[in-house]
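A short write-up of the structure that comes next.
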Amino acid sequence: MPIEASKKIWMNGKLVDWENAKIHVLTHALHYGSGVFEGIRCYKTSQGPAVFRLKEHMQRLKQSAKIYFMEIPYTVDELCDATKELIRVNEMEACYIRPIVYRGYGEMGLNPLNAPVDVSIAVWSWGTYLGEEGLKNGIRASISSFQRISSNVIPPNSKATGQYINSILAKIGTMMSGHDEAILLDLRGFVSEGPGENIFIVKNGLIYTPPQHASILPGLTRDSVIKIAKDLSYEVKETDIDRGMLYVADEAFFTGTAAEITPIREVDGHKLGKPGPVTQKLQDKFFDIVKGKDQRYENWLDRV
Ligand code: PPE
């Protein structure tokens, strides 16, 4: 997806012009994937732009960094304030927000501990992740032959840059076979998640999603959907899902900051059909909430 440039990027506490936000080619993270990042969305509401669950995203960034012994030289509050300032400076009504913490220039080799920890935040306009048509009518998914990373390989509960090479292999594979998105299985063979999304299925009115031990990133959209579904009186089970359950699901959908709630209409050729009533209801509610139309979830919005 081509990047739509905005004006300024926040780098180690300074606002830098978009085209000057550069780093050295010997940056540690470029060679070894030694970075952690976040994806956050800011939505347009009737009272101006609002960032969805900003604090929780920055807390997850801290947690991701901890696993790699990276000390972020800013507090969660400072990162939140910097993000909101950046949105104001760039005069964005709505945007995607990409904070990244990475081992910078100065050391080579696999001991990262003496390399600097650099922090950057960028915002730009990012439309629908899996296409407008996919968001509305659902996408076609296939199960990847690549296994999802597991905790004893690369801890999936840290959103580390390097691990996305696993997601990239799955993504290329699914596109090569004429599908829109991949579904990865964990090392035990149970459903884990998409390359950049969590997954849910609906069967006989119950909602199922893989648990943390299925090698998932603990998604904030996943967490939000679980809360919203419970508030709508659905039962949500965080439980292992095997591929057979996927094939006979009544409904299925991906969740993620970028993907929002994207219905899945087909898995490995098995038709699940157009977005079902549960998916539709959750999607409608989700968009109402992020756009500030539901007061009950106002605490999830951080006004810019
Ligand atoms: N799993 C993975 C592997 C993942 O990367 C994401 C987010 C999620 C689940 C959903 O998490 P959350 O956003 O907190 O609901 N993926 C980010 C990056 C996507 C990209 O292509 O880049 C995102 O959605 O921003």
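Take 1 as the starting number for the sequence shown in the numbering used here and just add one per residue. Idealized CB from N, CA, C, for every residue including glycine. All values reported here derive from a predicted model rather than from experimental measurement.
- Excluding five sequence positions before and after ILE226, the CB atoms of its chain that fall closer than 6 Å to its own CB belong to VAL236, given in chain order.
- The DSSP assignment places 14-17, 35-37 as complete runs of the beta strand (DSSP E) inside the stretch 13-38, in order along the chain (cut-off: 3 residues).
- Taking C-beta atoms as the reference points, SER177 and LEU185 fail to come closer than 9 Å.
- Straight-line spacing of the CA atoms in CYS42 and VAL16 works out to 21 Å.
- In this structure, PRO277 keeps its C-beta atom at 9 Å or more from the C-beta atom of ILE139.
- Considering only GLY269, GLY162, GLY194, the residue with the shortest C-alpha distance to ALA170 is GLY194.
- The residues LEU135, in chain order, have a CB closer than 6 Å to that of THR128 in the same chain once the five nearest residues on each side in sequence are set aside.
- Distance from the Cα of TYR105 is smallest, within the candidate group CYS95, SER34, SER158, HIS213, for SER34.
- Secondary-structure assignment with DSSP links GLY256 through a beta bridge to GLU260.
- Shortest gap from the CB of GLY194 to any heavy atom of the ligand PPE: under 8 Å.
- TYR74 sits in coil when the DSSP states are folded into three classes, being neither helix nor strand.
- Under the criterion of beta carbons closer than 8 Å, ALA115 and HIS28 qualify as touching, at roughly 4 Å.
- For LYS230, there is no enclosing beta strand (DSSP E); the residue is found in the alpha helix (DSSP H) stretching over 220-231.
- Using a 10 angstroms sphere on the CB of ARG88, the tally of other CB atoms stays under 16, which defines it as exposed.
- Apart from sequence neighbours up to five positions away, the residues of its chain that approach SER145 with a beta-carbon distance below 7 Å are GLY173, ordered along the chain.
- Judged by beta-carbon spacing, ILE143 lies within the 9 Å limit of ALA182, meaning their Cβ atoms are closer than that value.
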